[in-house]
Amino acid sequence: MDTNVLVYLFDHEQPAKAHKAREILEQAKPGALALSAQVLGEFYVVVTRKLKQPLDPATAAHALDWLGLLHVVPLDTSFAKAAVRISRSAQLSYWDALIVAAAVAGGCERLLSEDLNSGQLIESVRVENPFVEDSDPPAPD
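Here the sequence shown is numbered in our numbering, starting from 40 and rising by one per residue.
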């Protein structure tokens, strides 16, 4: 799962997306959601510094503890190398490729992201924008 999905949980400026993000977390089966340690870090920075109504650091830290209960893929040198390879082959930023590398390593079939091309298959992971209506066709591979 990409950072933006988690950030919408706390973004009061985007109520429809906040509702969808809550729905994703509430309806997921235990162990079905994974994210990388990078996403946790990005989440903290965004919700404390970039939201119009940022969270105070203590609330953000509590949210981080709660999100840390999900399957968190730790990062190491092998992920950095995989991200470089994926970045080059899929023409992604290094940081987006690092999220993809973690999704692959975490055994994910889908990567929920608003930023990447919905429908795109990268390595063994299909990108899905959870905020696009089901009637919208996915982007071509």
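A virtual CB, placed ideally from N, CA and C, is assigned to each residue, including glycine.
Suppose the cutoff is 8 Å on Cβ atoms and the five residues either side in sequence are ignored; what does the same chain contact list for L45 look like? A60, L74, V78, F82, L106
Using C-beta distances below 6 Å, list every residue in its chain close to L150, excluding the 5 sequence neighbours before and after it, in chain order. A142, V164, V166
Which listed residue (C147, A144, W134) has its alpha carbon closest to that of T42: W134
My output table needs one value for S126: the three-state DSSP class, helix, strand or coil. helix
Which of the three DSSP states is assigned to A141 in this structure? helix
Can you tell me which of G145, K68, L64, P69 puts its alpha carbon nearest to the alpha carbon of V111? G145
Under the assumption that L72 contacts M40 (Cβ atoms under 8 Å), give the Cβ distance between them as a whole number of angstroms. 6 Å
Apart from the five residues just before and just after I125, which ones in its own chain have a Cβ nearer than 7 Å to its Cβ? L131, A136, V139, A140, I161, E162
Nearest to L182 (by Cα), restricted to the options A129, A76, R88, Y47: Since the first residue shown for the chain is 40 and the last is 180, residue 182 is missing from the structure and cannot be characterised.
Here's a check: name, in chain order, each residue in its chain whose Cβ is nearer than 7 Å to the Cβ of E52, leaving out the five neighbours to either side. K91
Quick one: is D175 buried, meaning 16 or more other Cβ sit within 10 Å of its Cβ, or exposed? For D175, the predicted model reports a pLDDT of 47, less than 50, meaning its position is unreliable and no value from the coordinates is stated.
How would you write the range of the alpha helix (DSSP H) that A60 sits in, first residue to last? Segment 54-66, the alpha helix (DSSP H) holding A60.
Answer with buried or exposed for L108, where buried requires no fewer than 16 other C-beta atoms within 10 angstroms of its C-beta. With fewer than 16 Cβ atoms within 10 Å of its Cβ, L108 is classed as exposed.
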